[in-house]
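Enquirer: Below is one structure. I have some questions about it.
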Amino acid sequence: CRLQQLMLGLLLTGLSGRLWAQELQQDGKIVNGTTAKQGEFPFAVSSLFLYTLYKIMPIFFLLLQLSLRRVKSGSHSCGASLLNSGWAMTAAHCVRGATPAQLNLQYGSNKLRRNATQLAAIAAIYVHPDYQPQDKHMNDIALLQLQLPLNFNELVQPVRLPQPQQPTLGNTSVVLVGWGLNAASYTQTGGVVQKHLQKVELQVFSDEDCSNRHQTQLFDTQLCAGVPEGGKGQCSGDSGGPLLLAGTDTQVGIVSWSIKPCTRPPYPGVFTEVSAYVDWIVKLVGSTAKSVPTSQLWIQQLLVGRQPPPALP
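Under full-length UniProt numbering, read the sequence shown as residues 1 to 313, first letter to last.
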């Protein structure tokens, strides 16, 4: 009923920015994007949050059950990218405060599925030690170690990382990928989580232009992307997902934050600059393995090396 939906919405708004209560829908898009083809982004995965809050909030959990027909796999909360067979990368704000038991990754499909079978359990969560949520989400990056290694195929592949400390230049053409809300324009605040993976082409703004538009000095470990007129870009639910060099599998950004309503001009979306963290990623992935062969395998599977970035005319 309408009252039940309203009560649920109020509860969720007070709890978190995660999209625990967004119903999956067939139609729609990441803000003004298009549906990705199956296998087009085989490294894109959905971070699913499991509803374990019922232990301390039974009424809240009951409302979730009634309203969302909750399933064991969890509900989409953020995007993530596969780094190799044993690791994934997402935004720190997506997993800060969560436990491995509360998360699953759905992989191998561009469609979010109820009772999905291709799920990866999480063994450990590594939030960047210098993550600052109160300071414009500085160092908004986290790595997820999987309990079991994934088998690569045409639908399951690692993303490519850029060269370390090689920032993305302004006016570079990029593609944002995610299952986030589909608000049709910046004048809307609603929308639904997408059932099929969406993509949208954007451009990178220079650091100076980005800081001017946001009227605050951003960090050199962040980048901005959008379109000058607004109306295209990220929204809630896209957090943690990849920003790619157009026409490549190279991830240059992680969705971090944006001004609401979504894609409102003149404010481009803000992303974590991946190149600033490649050294940290390689070191962490290599140092946490329980054996030397596993460490060597994980590092060998990391794809590091930027492809030539196509720039907008």
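Backbone N, C-alpha and C define an ideal beta-carbon position, used for all residues, glycine too.
1. Starting from the N-terminal side, write out each stretch of the beta strand (DSSP E) that is 3 residues or longer and does not extend beyond the segment 118 to 180.
2. DSSP on Gln301, reduced to helix/strand/coil?
3. Is the distance from the Cβ of Gln102 to the Cβ of Ser46 below 9 Å?
4. What residue from Gln166, Ser173, Gln165 and Val200 has the CA that sits closest to Asn182's CA?
5. Should Tyr126 and Thr288 be called a contact, given that it needs their Cβ atoms to be closer than 9 Å?
6. Cβ-heavy atom distance between Asp140 and the ligand SAM below 8 Å?
7. Determine, using beta carbons only, whether Gln234 and Thr263 come nearer to each other than 9 Å.
8. Are at least three pairs of beta-carbons, each pair with one atom in the segment 274 to 294 and one in the segment 161 to 178, less than 8 Å apart?
9. Is Gly241 near Ser81, with beta carbons less than 9 Å apart?
10. Assuming His93 and Trp179 make a contact with CB atoms under 8 Å, what is their CB distance in whole Å?
11. Can you grab the Cα-Cα spacing for the pair Leu202 / Val177, in whole Å?
12. Apart from the five residues just before and just after Thr117, which ones in its own chain have a Cβ nearer than 7 Å to its Cβ?
13. How would you label Val292, buried or exposed, when you count the other beta carbons within 10 angstroms and need 16 or more for buried?
14. Which one of Ala91, Val227, Gln300 and Gly39 has the shortest CA to CA distance from residue 316?
15. Only counting the same chain, and skipping five residues up and downstream in sequence, which positions put a Cβ closer than 6 Å to that of Ser16?
16. Restricting to runs no shorter than 4 residues, where is the alpha helix (DSSP H) found entirely within the segment 259 to 299?
17. Taking only three categories from DSSP, how would you classify Pro100?
18. Report back the beta-carbon spacing between Asn115 and Leu197 to the nearest angstrom; my notes put them in contact at under 8 Å.
19. Entirely within the segment 183 to 249 and at least 3 residues each: give me those beta strand (DSSP E) ranges in chain order.
20. Mind checking which residues open and close the beta strand (DSSP E) that includes Ala88?
21. Below 6 Å CB to CB, which residues in the same chain sit around Asp257 once its five sequence neighbours on both sides are set aside?
Expert: Working from what's here:
1. DSSP runs (the beta strand (DSSP E)) wholly in the segment 118 to 180: 119 to 127, 142 to 146 and 173 to 178.
2. helix
3. no
4. The residue with the shortest Cα to Cα distance from Asn182 is Val200.
5. yes
6. Annotation note on the ligand SAM: not contained in the displayed structure, which lists no ligands.
7. yes
8. Contact annotation: the segment 274 to 294 touches the segment 161 to 178, with at least three C-beta pairs closer than 8 Å.
9. yes
10. About 17 Å separates the two Cβ atoms, so there is no contact after all.
11. 11 Å
12. none
13. exposed
14. Here the chain comprises residues numbered 1 to 313, so residue 316 is not present and cannot be evaluated.
15. Confidence is the limiting factor: at Ser16 the pLDDT is only 34, short of 50, which leaves the residue's position unreliable, though a coordinate-based value still follows. Only residues of its own chain outside the window of five on either side were considered, and among them none has a CB closer than 6 Å to the CB of Ser16.
16. 278 to 287
17. Looking at Pro100 - three-state DSSP - the assignment turns out to be helix.
18. About 19 Å; that fails the 8 Å criterion.
19. 198 to 205, 222 to 226 and 242 to 245
20. Per DSSP, Ala88 belongs to the beta strand (DSSP E) from Trp87 to Thr90.
21. Going by the sequence as given, residue 257 is Trp instead of Asp. Cβ within range, chain order: His137 and Val270.
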